[in-house]
Each structure stands twice: as C-alpha cells, then as structure tokens.
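Enquirer: Handing you a structure now.
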C-alpha cells in the first residue's frame, strides 16, 4: 500500500506505505487507449487505473512518454522520479525540504516545461525528485495541476473528468454535497465523524489507506469504540519506516454518507501537526474510503466535496 505526498510552503508532507508492499515502476508502457482519454466541450476525460488501491494515469513530459503517475489530491506539488528526470535530462532546480511521515529531509527538484495530463492540459511545473521504488510509480500528479478546476473521480467508469468550476454537474439520486475549506492546498471538511466521534477529514487519493491522528484514537478509546488492533509497518516515500496500529471502525460518516467497517491506521506522524490538526480528531481519507463511493467530485475553487453513494443510478 502506498500513500501520497503533500507539500506546504515549499516543503512536502508525505504519507507512507506498508513495508511489505511491492511496487514496480513503469517507464514508457502505454496505459491508455485513445478511447480512454479525450476532450468534450469544457470537459476533459482521462482514463485511470487502480494499481494496488491507488489511482494512476498516463502523463507525458516534454513530449515523451506516456509514464505512470499517481493522482494525489493530498499533494500540493507534482513529483517526478529521479531516474525519469535523469533519463529526460530535466533541468535541476533548487533543493527543497521534505517533511515526511518519519521526519525531515532535503530533496532535489527539476523543471518540467511541458507536463501533459490529457489533451490540451499542458503545465509548466517545478517538481520534487523522489525514487521510483519508494513511490511505486514514475511520479505523482499533485493539485498544483488541478487546484483551479473541478475534478470528478468516477469509479464506475474509471474516468477523471476535469472542468471549469463554473460548469454545473447535475445531482443524481444519492448525491451528498459537503462544504469545506482549503488549507495549504488541501480540501478539508468538518462535517464528519468516526463511530460518532466528530472529526475533520482531508481527502487523499494518493493513499490507499485512511490514517487517523492521536487525538481521534484517544477519543475513540475513551468512549470504548476501538476494537482489536493489528500492527502495521509503513514505508515513507523517502524509504524510512514508521510503525503503527490499524483498527476497523464500524462507521465513518462524511456529510450524510456513511462508510462501514473502514480500516484506519494510527501512527505517530507529523502530518497532522503540519496541517494544524494534531489537537483535535482528524483523518486523511485514503482510497479505501473514497472507493466506497460511486463518484467523488472535488471542487477546489468553490471548496466543495460532492459524493454519490453506491447503488445510485448512473
């Protein structure tokens, strides 16, 4: 299992992956057919795959590729593997400070002049450089490529649809809309709870597992709402290890939507402190939670989260 990278004030916060997980980086293997990606009006549709419970898409860099990148709403900056940067002879930029689940380190950056995510989507970004084996991919698409738009993750069709925030998406049966706020590039919602304990939730499509902070664990333990624990070892994107305990929670609610029997990992990580959420119950909603919905829409400019619960007609 792999989790995402998230940046703050020029530095990043990285979620991690269990040490037993195995990943193979992909170089230039095609991941999409032409039918899986396209543009219709103001919408751009990009096909995605689920690789070991993580969302991946095809990306072209400076006209070369495609390469396999994770899609991570928890990452405020885009990442490229060191091997790929060397292979493409990218211009090396300044060193940045990386704040991961296990500590702080310095990483190189590189200039990507043309990052292409679907037809017509070209960005110039300064990307962090990390190692492919630790990421399990050739790179990470962060919200610096998405934050000005509305992004729809449709798990029924395996499509990511990107549109301007002014485009109205009609509600379907089973639609839940939650208002939130942006903090350091992250969409945060407060109308959430775990086993009836109120909490703050942050979306993180780059993590395959949901992570909880110490304040949430203490509140659940005080009320006797935690069951048996299972030990789990995490490996950060810098290769360092972090030990924690995971629990199955009976229900986690976001707005009016309910997720049952959700696995949440608790570990001593500085992530929540960096987001100023270490003093009250909070979770990072990983893919094991988000895949419980048929569709998830993140409207960054309007600070809204829109979900369609399973069983709703397409």
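Residue numbers (our numbering): 8 to 321.
Just so you know, even glycine gets a beta-carbon here, dropped at the ideal spot from N, CA and C.
Just the C-alpha distance for residue 113 and residue 212, rounded to the nearest angstrom, thanks.
Expert: C-alpha separation (whole angstroms): 24 Å.
Enquirer: Mapping the DSSP letters down to three states, classify residue 113 as helix, strand or coil.
Expert: DSSP places residue 113 in strand when its eight states are reduced to three.
Enquirer: Helix, strand or coil for residue 92, going by three-state DSSP, please let me know.
Expert: Reduced to three states, the DSSP call for residue 92 is helix.
Enquirer: Expressed to the nearest angstrom, what Euclidean distance is found between the alpha-carbon atoms of residue 207 and residue 196?
Expert: Taking the straight line joining both Cα atoms gives about 6 Å.
Enquirer: Tell me, please, whether the stretch 237-244 touches the stretch 220-229 by the rule of three or more beta-carbon pairs shorter than 8 Å.
Expert: Counting Cβ pairs under 8 Å, fewer than three are found: no touch.
Enquirer: Quick one: what does DSSP say residue 301 is sitting in, helix, strand or coil?
Expert: Note: residue 301 maps to coil in three-state DSSP.
Enquirer: Could you have a look at residue 140 and say whether DSSP puts it in helix, strand or coil?
Expert: Helix, per DSSP.
Enquirer: When the Cα atoms are used, what is the spatial distance from residue 204 to residue 157?
Expert: Roughly 30 Å separates the two Cα atoms.
Enquirer: So, are the CB atoms of residue 296 and residue 259 less than 8 Å apart?
Expert: Taking 8 Å as the Cβ cut-off, residue 296 and residue 259 qualify as a contacting pair.
Enquirer: By the 10 Å Cβ neighbour count, where 16 or more other Cβ atoms means buried, how is residue 309 classified, buried or exposed?
Expert: It is exposed - the Cβ of residue 309 has fewer than 16 other Cβ atoms within 10 Å.
Enquirer: Could you check if residue 231 is buried or exposed, using at least 16 other CB atoms within 10 Å of its CB as the buried criterion?
Expert: It is exposed - the Cβ of residue 231 has fewer than 16 other Cβ atoms within 10 Å.
Enquirer: Can you tell me which residues form a DSSP beta bridge with residue 323?
Expert: This structure cannot speak to residue 323, because the chain is shown only from 8 to 321.
Enquirer: Measure the CB-CB distance between residue 251 and residue 272 and report whether it falls below 8 Å.
Expert: Yes, the Cβ-Cβ distance between residue 251 and residue 272 is below 8 Å.
Enquirer: In chain order, which alpha helix (DSSP H) runs of at least 4 residues are fully inside the stretch 200-278?
Expert: DSSP runs (the alpha helix (DSSP H)) wholly in the stretch 200-278: 221-229.
Enquirer: Going by alpha carbons, who is nearest to residue 60 out of 147, 317, 298?
Expert: Among 147, 317, 298, the Cα nearest to that of residue 60 belongs to 298.
Enquirer: Helix, strand or coil: which one does DSSP assign to residue 281?
Expert: Of the three classes helix, strand and coil, the one that applies to residue 281 here is helix, per DSSP.
Enquirer: Going by the beta-carbon positions, is the gap between residue 68 and residue 121 smaller than 8 Å?
Expert: Against a cut-off of 8 Å, the Cβ pair of residue 121 and residue 68 comes out as a contact.
Enquirer: To which residues does DSSP link residue 314 through a beta bridge?
Expert: Per DSSP, 183, 303.
Enquirer: Beta carbon of residue 53, beta carbon of residue 125: below 8 Å?
Expert: Yes, these two residues count as a Cβ contact at 8 Å.
Enquirer: Can you give the Cα-Cα distance for residue 255 and residue 219, rounded to whole angstroms?
Expert: The straight-line gap from Cα to Cα measures roughly 12 Å.
Enquirer: For the beta strand (DSSP E) that residue 97 lies in, which residues bound it at each end?
Expert: Note, residue 97: premise wrong, no beta strand (DSSP E); not H, not E.
Enquirer: Within 10 Å of its beta-carbon, does residue 80 have 16 or more other beta-carbons around it, so buried, or fewer, so exposed?
Expert: Buried, because 16 or more other Cβ atoms sit within 10 Å of the Cβ of residue 80.
Enquirer: Which residue's Cα is closest to the Cα of residue 104: 87, 135, 187?
Expert: Of 87, 135, 187, the residue nearest in Cα terms is 135.
Enquirer: Within 10 angstroms of the Cβ of residue 283, are there 16 or more other Cβ atoms? Answer buried if so, exposed if not.
Expert: Label assigned to residue 283: exposed.
Enquirer: If the criterion is Cβ atoms closer than 8 Å, does the pair residue 293 and residue 198 meet it?
Expert: Not in contact: residue 293 and residue 198 (Cβ atoms no closer than 8 Å).
Enquirer: What's the gap between the Cα of residue 165 and the Cα of residue 74?
Expert: Taking the straight line from one Cα to the other gives about 18 Å.
Enquirer: Please identify the residue among 64, 128, 55, 132 whose C-alpha is closest to the C-alpha of residue 92.
Expert: The option with the nearest alpha carbon to residue 92 is 132.
Enquirer: Grab me the residues of residue 190's own chain with a C-beta within less than 8 Å of its C-beta, minus the 5 sequence neighbours each way, in chain order.
Expert: Around residue 190: 282, 283.
Enquirer: Return the Cβ separation of residue 314 and residue 303 in integer angstroms, given the expectation that the two are a contact with Cβ distance under 8 Å.
Expert: Indeed, because the Cβ distance is near 5 Å, the residues count as touching under 8 Å.
Enquirer: Roughly how many angstroms lie between the CA atoms of residue 317 and residue 217, to the nearest whole one?
Expert: Taking the straight line from one Cα to the other gives about 19 Å.
Enquirer: DSSP three-state call for residue 103: helix, strand or coil?
Expert: It is a strand residue.
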